[in-house]
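Numbering follows the numbering used here, in which position 123 of the sequence shown is assigned residue number 124; successive positions increment by one, without gaps.
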Amino acid sequence: MELKNKVAVVTGVSKGIGFATIKTLLKQGVIVVGWGRSAPKIDHPNCFFYETDVSNYDSVLSSYNKTIEDHGEDIDILINNAGLGFESAFEETTLEQWHSMFETNVHGIFYCSRLMVPQMKKNDQGHIINIGSIAGNTGIPFMAGYCGTKHAVTGISHAMYKELREFGIKVTCIYPGSVKTNFFDDIASVEANDNMMMPQDIASTILHVLQTPDNYHHIDIEVRPLRPKGKRR
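Structure below.
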């Protein structure tokens, strides 16, 4: 896809992967619309922000309506990045934590995508990128809820791509391993460190996927740090 002047909606943009992604897309001339609870600290004429809680359909619908009012109906790219996770023993996971993870990580993808697919179908093109996790491909102790949501992201992404490919719409799921972000602030067993991948690394993968030829479709991309524990001594 030629990216200049394309409109991209990115969720969860205040920091981490989302923030790195909007900076990367802006360099390519993309008109970036951020949806999130907190605004990114960036000043750019092509960057716009609408306060959005992706776990709440009314909030998503409001931001969608504002987006098409300000930028037109032709949203070319959707990057479902917003997500959260909690660490706890299975039986100690609270109902609030469980519901919060599913409402943000799973329902949010559905809410955002279902609004944009109809116009993408009319345009016979579009690209939806869902940020999954290696947690969606393997179980992690004390992360059952988060793993469950990311397993769901995988299944949703695979069904979406098979359903939408005939309409010229690409759906890609990216599965990062550990990335140095604020995600680990509330994960007591892991401390973010420089041996992890960096948010800009994931943003570079997103850019690569978006720039592929029209008939070239990445379905799943798993990325991990090469030396998660650093160099051997």
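Where a beta carbon is used, it is the ideal one built from N, C-alpha and C, also for glycine.
This one's a predicted model, so the numbers in the text were calculated from it and none came from an experiment.
Whole-number beta carbon distance between residue j and residue i, since they are thought to touch under 8 Å
i	j	result
Leu165	Leu116	Going by Cβ atoms, the distance from Leu165 to Leu116 rounds to 14 Å, so no, they are not a contact pair.
Gly30	Lys5	4 Å
Cys148	Ala136	5 Å
Phe20	Pro226	Phe20 to Pro226, Cβ: 19 Å. No contact.
Tyr51	Ser39	In fact, because the Cβ distance is near 12 Å, the residues do not count as touching under 8 Å.
Gly146	Phe87	7 Å
Paired residues, beta bridge with residue i - DSSP
i	result
Lys171	His128
Glu223	Tyr176
Ala9	Val33, Ile78
Ile49	The residue asked about is misnamed: residue 49 is Phe in this sequence, not Ile. Paired residue(s): Val34.
8 Å Cβ cutoff met for residue i and residue j
i	j	result
Val14	Pro41	yes
Thr105	Leu85	yes
Ile175	Gly133	yes
Asn82	Thr155	no
Gly37	Asn183	no
His108	Ser56	yes
Val180	Met197	yes
Gln120	Glu70	no
Outcome for residue i when other beta-carbon atoms lying within 10 angstroms are tallied against a minimum of 16
i	result
Asn194	exposed
Thr95	exposed
Asp59	exposed
Lys151	buried
Lys171	buried
Ile110	buried
Asp294	There is simply no residue 294 to check, as the chain begins at 2 and stops at 234 in what is shown.
Asn66	exposed
Ala1	Residue 1 is absent from the model: the chain starts at 2 and stops at 234.
Val10	buried
Unbroken alpha helix (DSSP H) run spanning residue i, endpoints
i	result
Glu164	145–165
Leu85	Taken as a continuous stretch (DSSP letters only), Leu85 belongs to no alpha helix (DSSP H), as it is neither H nor E.
Val210	200–211
Lys28	17–28
Met102	96–103
His108	Per DSSP, His108 belongs to no alpha helix (DSSP H) and is neither H nor E.
Tyr65	58–72
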